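>
There are 2 protein chains.
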Amino acid sequence: MTRKYVLDLRVKILNALSDPTRLEIIEYLFDGERCVCEILPAFKRSQSTISKHLNILYEAGILDRCIDGKRTLYRIKDSRVFDLLKAVDVLALEQITQLTEAGKLLEVAINK
Amino acid sequence: MTRKYVLDLRVKILNALSDPTRLEIIEYLFDGERCVCEILPAFKRSQSTISKHLNILYEAGILDRCIDGKRTLYRIKDSRVFDLLKAVDVLALEQITQLTEAGKLLEVAINK
DNA sequence: TCTAAATATCGTCATATGGCGATAGGTTTA
DNA sequence: TAAACCTATCGCCATATGACGATATTTAGA
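Order-wise, the sequence lines are chains A and B.
First residue of the first sequence: 1, per the numbering used here; consecutive thereafter.
First residue of the second sequence: 113, per the numbering used here; consecutive thereafter.
#1: What residues of chain A sit near Leu141(B), judged by a beta carbon separation below 9 Å?
#2: Evaluate Gln207(B) with the Cβ neighbour count: other Cβ atoms within 10 Å of its Cβ, from every protein chain shown; 16 or more gives buried, anything less gives exposed.
#3: Counting only runs of 3+ residues fully inside the region 49–82 of chain A, write out the beta strand (DSSP E) ranges in chain order.
#4: Given a cut-off of 8 Å, decide if Asn167(B) and Ser18(A) are closer than it, judged by their beta-carbon atoms.
#5: Can you list, in chain order, the residues of its chain whose CB lies under 8 Å from that of Arg146(B), leaving out five sequence neighbours each side?
#6: Report the residue from Val90(A), Ile62(A), Val81(A), Ser79(A) whose alpha carbon sits nearest the alpha carbon of Arg192(B).
#7: Which one or two residues does DSSP pair with Cys35(A) in a beta bridge?
#8: Closer than 8 Å by beta-carbon distance: list the chain B residues that pair up with Leu7(A), in chain order.
#9: Going by DSSP in three states, Lys112(A) sits in which element: helix, strand or coil?
#10: Could you check how far apart the C-beta atoms of Arg122(B) and Ala92(A) are, in whole angstroms? I think they sit under 8 Å.
#11: Near Asp120(B), which residues of its chain fall below 8 Å by C-beta distance, leaving aside the five closest residues on each side in sequence?
#12: So what does DSSP say about Lys12(A), is it helix, strand or coil?
#13: Out of curiosity, what's the CA-to-CA distance linking Gln159(B) and Ile13(A)?
#14: Look up Thr97(A) in the DSSP assignment and say whether it is helix, strand or coil.
#15: Does DSSP classify Asp89(A) as helix, strand or coil?
#16: Just the C-alpha distance for Asp78(A) and Ile62(A), rounded to the nearest angstrom, thanks.
#17: Output yes if chain B places a C-beta closer than 8 Å to the C-beta of Leu54(A); else output no.
#18: Could you check if Ile25(A) is buried or exposed, using at least 16 other CB atoms within 10 Å of its CB as the buried criterion?
#19: Hey, is Glu94(A)'s beta-carbon within less than 8 Å of any beta-carbon in chain B?
#20: Strictly below 9 Å CB to CB, what residues from chain A border Gly173(B)?
#21: Excluding five sequence neighbours on each side, which residues of the same chain lie with their C-beta closer than 8 Å to the C-beta of Arg177(B)?
#22: Out of Val200(B), Gly215(B), Cys149(B), point me to the one whose CA is closest to Ser179(B)'s CA.
#23: Apply the 10 Å Cβ neighbour rule to Ala87(A) and answer buried if 16 or more other Cβ atoms are within range, or exposed otherwise.
#24: Taking Cβ positions only, does Arg177(B) come closer than 8 Å to chain A?
Here's what the structure looks like:
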């Protein structure tokens, strides 16, 4: 019972993170909360698009939001999301390292 | 230059992980390498579907594969992917905890 | 070599997703 | 109250994705 629920939650979180715009939004919010009107000019996307991305991150429990007058402030809900992203980078950098080393081996192989 | 490349790689990894079937495949391979014919009966999906999922995980650098006769063996390429998944669970479990505590508060609130 | 087995790939379909502009809703400010 | 602002939502489109059955490909075995 709980089993599938947890699986779906995992997928929801991972899915929310698997988009370049949303990853950049998360990075952008690293320093603290920002209202949408501050986030908007940092991205070359329409207001509706950014709003939708923010909502996806909110629904996945990655961002928290509060309404302040006519603005909505978004912020990282649990900073441990950065630990998650670091874990992604560990894998990503390993792959890049492998490619780089393969490149070096190739250089040696072709004497150059 | 490298910037966008790394971002795309991050997205590729996260995207590969954001599917319930693929997450289960990864769990299934925790104990070691398995051929497709072993993986298949563990999932209620067609052979072509599982094959495609395996390829997505392979392309994302999460699984490694080697051909052994008429079989293809798949295995976890870098076990640190489980650290990544643990980091996801940290967030997921936190959310569940919050819900549970909210539920307890609700129980108290309605005297039951 | 013929056959069966194990995988990958192709073609197709239904649904999901990211993108946008237009519009709605709510909140300050004039 | 009217106007300006800020944000969310709606409707639409093009593309991506998961699923399947059918087919192709490769290898082991008879």
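Heads up, the beta-carbon is just placed ideally off N, CA and C, and yes, glycines get one too.
Remember, predicted model here, so these are calculated numbers, not experimental data.
So, from the data block:
#1: Ordered by position in chain A, no residue passes the 9 Å Cβ test against Leu141(B), which lies about 15 Å from the chain.
#2: It is buried - the Cβ of Gln207(B) has at least 16 other Cβ atoms within 10 Å.
#3: Qualifying beta strand (DSSP E) stretches, in chain order: 63–68, 71–76.
#4: No, Cβ-Cβ distance for Ser18(A) and Asn167(B) is not below 8 Å.
#5: Around Arg146(B): Tyr140, Leu185, Tyr186, Arg187.
#6: Of the candidates Val90(A), Ile62(A), Val81(A), Ser79(A), the one whose C-alpha sits nearest the C-alpha of Arg192(B) is Val90(A).
#7: Beta-bridge pairing links Cys35(A) to Leu73(A).
#8: In chain order: Pro132, Leu135, Glu136.
#9: In this predicted model, Lys112(A) has a pLDDT of only 45, less than 50, meaning its place in the structure is not dependable; the value taken from the coordinates is given anyway. In the structure shown, Lys112(A) adopts coil according to DSSP, grouped into three states.
#10: Between Ala92(A) and Arg122(B) the Cβ distance is about 5 Å, and since that is below 8 Å, they are a contact.
#11: Answer for Asp120(B): no residue qualifies.
#12: Looking at Lys12(A) - three-state DSSP - the assignment turns out to be helix.
#13: Whole-angstrom Cα-Cα distance: 27 Å.
#14: If DSSP states are grouped into helix, strand and coil, Thr97(A) belongs with the helices.
#15: Residue state, collapsed to three classes: helix.
#16: Looking at the two C-alpha atoms, the distance is approximately 7 Å.
#17: For Leu54(A), the closest Cβ of chain B is not nearer than 8 Å.
#18: Per the 10 Å Cβ criterion, buried.
#19: Closer than 8 Å to some Cβ of chain B, the Cβ of Glu94(A) qualifies, so yes.
#20: Neighbours of Gly173(B) on chain A, chain order: Leu91, Ala92, Glu94, Gln95, Gln98.
#21: Around Arg177(B), the same chain offers Leu166, Tyr170, Thr184, Leu185, Tyr186, Arg187 as residues with beta carbons nearer than 8 Å, after the five sequence neighbours per side are excluded.
#22: For the record, residue 179(B) in the displayed sequence is Ile; it is not Ser. Ranked by Cα distance from Ile179(B), the options Val200(B), Gly215(B), Cys149(B) are led by Cys149(B).
#23: Ala87(A) is buried by the Cβ-count criterion.
#24: Using a CB distance cut-off of 8 Å, Arg177(B) does not count as an interface residue toward chain A.
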